[in-house]
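Peer 1: Pasting a structure below so you can have a look.
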Amino acid sequence: MKVLLVEDEPGIASMIKRGLEEARYSVDVATDGQTGLDMASLNLYGLVILDLMLPKIDGLRVCSELRAQRIRTPILMLTARDTVDDRVRGLDGGADDYLPKPFDFKELLARIRALLRRDKVHHTRTIRIGDLEIDTAQRRVTRAGVEIGLSHREYELLEALAAHESQVLTREAIQERIWMDEESYSNTVDVYIGMLRKKIDAVHPVKLIQTVRGSGYTLRLPEGEERL
Ligand code: CA
Numbered sequence: 514m515k516v517l518l519v520e521d522e523p524g525i526a527s528m529i530k531r532g533l534e535e536a537r538y539s540v541d542v543a544t545d546g547q548t549g550l551d552m553a554s555l556n557l558y559g560l561v562i563l564d565l566m567l568p569k570i571d572g573l574r575v576c577s578e579l580r581a582q583r584i585r586t587p588i589l590m591l592t593a594r595d596t597v598d599d600r601v602r603g604l605d606g607g608a609d610d611y612l613p614k615p616f617d618f619k620e621l622l623a624r625i626r627a628l629l630r631r632d633k634v635h636h637t638r639t640i641r642i643g644d645l646e647i648d649t650a651q652r653r654v655t656r657a658g659v660e661i662g663l664s665h666r667e668y669e670l671l672e673a674l675a676a677h678e679s680q681v682l683t684r685e686a687i688q689e690r691i692w693m694d695e696e697s698y699s700n701t702v703d704v705y706i707g708m709l710r711k712k713i714d715a716v717h718p719v720k721l722i723q724t725v726r727g728s729g730y731t732l733r734l735p736e737g738e739e740r741l
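For the sequence shown, this note's numbering begins at 514 and goes up steadily by one.
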């Protein structure tokens, strides 16, 4: 699983990165708030660990911006300032949990496990975008009430796009998420998007899968279409 760590103190960043890698997480590090925000918007992370005091944009802003973009990746806030007000602000801003520094690494790992478990429960739900419905527990997809049969990969791709509704996902991010370490051709994502479009969008006037030129793909209801 991929974790984004946004932390400006090099010593703390490398300590956390090393520890998480030993626990078999793969870790990207951003050293300021703006970079962290950009990375979290463009990649599919399973978790964001976010320091509160950061250069450029502070952790609270990063958190609320991500939530405003409908990015629902679990966020664990770290901070040296352990006051009730900070904790409340962090949680109100969309963080899922809060850990004051200095912390015991074992506690960090336990909090991460708890967050990921909660996220999994949270994910067994139905995602609705317009008349498209994805039952993530049953892996069952319908559009306008008609069931659509998808292959394993097609389903994974659709769920990734739908879970990040309105967010543009790059081909690289999709490829890394769905095909992981497997060999895949550079046009694999485009081929699968094409197959998915045939099944999801072809017979419907409202197209949900959209190409964002030069960037990637997004799944969203076109502007002006009423939300159901
Ligand atoms: Ca800091």
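Ideal Cβ positions, reconstructed from N, Cα and C, are used throughout, including at glycine.
(1) May I have the straight-line CA-CA distance separating LEU573 from GLU535, to the nearest angstrom?
(2) Could you tell me the boundaries of the beta strand (DSSP E) in which LYS614 lies?
(3) Taking just the CA atoms, how far does GLY607 sit from SER728?
(4) Rounding to the nearest angstrom, what Cα-Cα distance links ILE625 and ILE661 in this structure?
(5) Less than 8 Å between the CB atoms is what I'm expecting for ILE642 and LEU671, so what's the real figure, rounded?
(6) How many angstroms separate the CA atom of TRP692 from the CA atom of ARG684?
(7) With three or more beta-carbon pairs closer than 8 Å as the criterion, would you say the region 610 to 619 touches the region 695 to 709?
(8) Considering only heavy atoms of ligand 1, list every residue whose Cβ is less than 5 Å from one of them, following chain order.
(9) Beta-carbon separation of ASP521 and LEU567 under 8 Å?
(10) Using only the alpha-carbon positions, how far apart do LEU560 and HIS717 sit?
(11) Looking only at its chain, what residues have a beta carbon closer than 6 Å to the beta carbon of ILE588, apart from the 5 residues adjacent to it on each side?
(12) Note down, in chain order, each residue of its chain lying with its Cβ closer than 6 Å to the Cβ of TYR668, except the 5 sequence neighbours on either side.
(13) Please state the DSSP three-state secondary structure of LEU741.
(14) Would you check if the distance between the CB atom of ALA553 and the CB atom of VAL542 is smaller than 8 Å?
Peer 2: Taking the geometry as given:
(1) Locating residue 573 in the sequence shown gives position 60, counting from the first residue. Locating residue 535 in the sequence shown gives position 22, counting from the first residue. In a straight line, the C-alpha of LEU573 is about 28 Å away from that of GLU535.
(2) Locating residue 614 in the sequence shown gives position 101, counting from the first residue. Careful: LYS614 lies outside any beta strand (DSSP E) and carries neither H nor E.
(3) Position 215 of the sequence shown, counting from 1, holds the residue named residue 728. Position 94 of the sequence shown, counting from 1, holds the residue named residue 607. Going by the C-alpha atoms only, they are around 27 Å apart.
(4) In the sequence shown, residue 625 corresponds to position 112, counting from 1. In the sequence shown, residue 661 corresponds to position 148, counting from 1. Between ILE625 and ILE661, the C-alpha separation is close to 35 Å.
(5) In the sequence shown, residue 642 corresponds to position 129, counting from 1. In the sequence shown, residue 671 corresponds to position 158, counting from 1. No, ILE642 and LEU671 are not in contact; Cβ-Cβ is about 10 Å, not under 8 Å.
(6) As a position in the sequence shown, residue 692 is number 179, starting the count at 1. As a position in the sequence shown, residue 684 is number 171, starting the count at 1. Answer to the nearest angstrom: the Cα atoms are 11 Å apart.
(7) no
(8) ASP521, ASP564, MET566
(9) To locate residue 521, count along the sequence shown from 1; it is residue 8. To locate residue 567, count along the sequence shown from 1; it is residue 54. Result yes, Cβ atoms of ASP521 and LEU567 sit closer than 8 Å.
(10) Along the sequence shown, read from residue 1 onward, the residue named residue 560 stands at position 47. Along the sequence shown, read from residue 1 onward, the residue named residue 717 stands at position 204. Each residue's Cα considered, the two are about 35 Å apart.
(11) Taking the first residue of the sequence shown as position 1, residue 588 is located at position 75. If we look at ILE588 and ignore the five residues flanking it on each side, its Cβ neighbours are VAL561, LEU563, CYS576, ALA608, ASP609.
(12) Taking the sequence shown and counting its residues from 1, the one referred to as residue 668 is at position 155. Once the five neighbours on either side are set aside, the close Cβ partners of TYR668 are ARG652.
(13) By one-based count along the sequence shown, residue 741 stands at place 228. Any reading at LEU741 must be qualified, since the residue scores a pLDDT of 46, below 50, and its modelled position is unreliable; no value is offered.
(14) Taking the sequence shown and counting its residues from 1, the one referred to as residue 553 is at position 40. Taking the sequence shown and counting its residues from 1, the one referred to as residue 542 is at position 29. No, they are not a contact pair.
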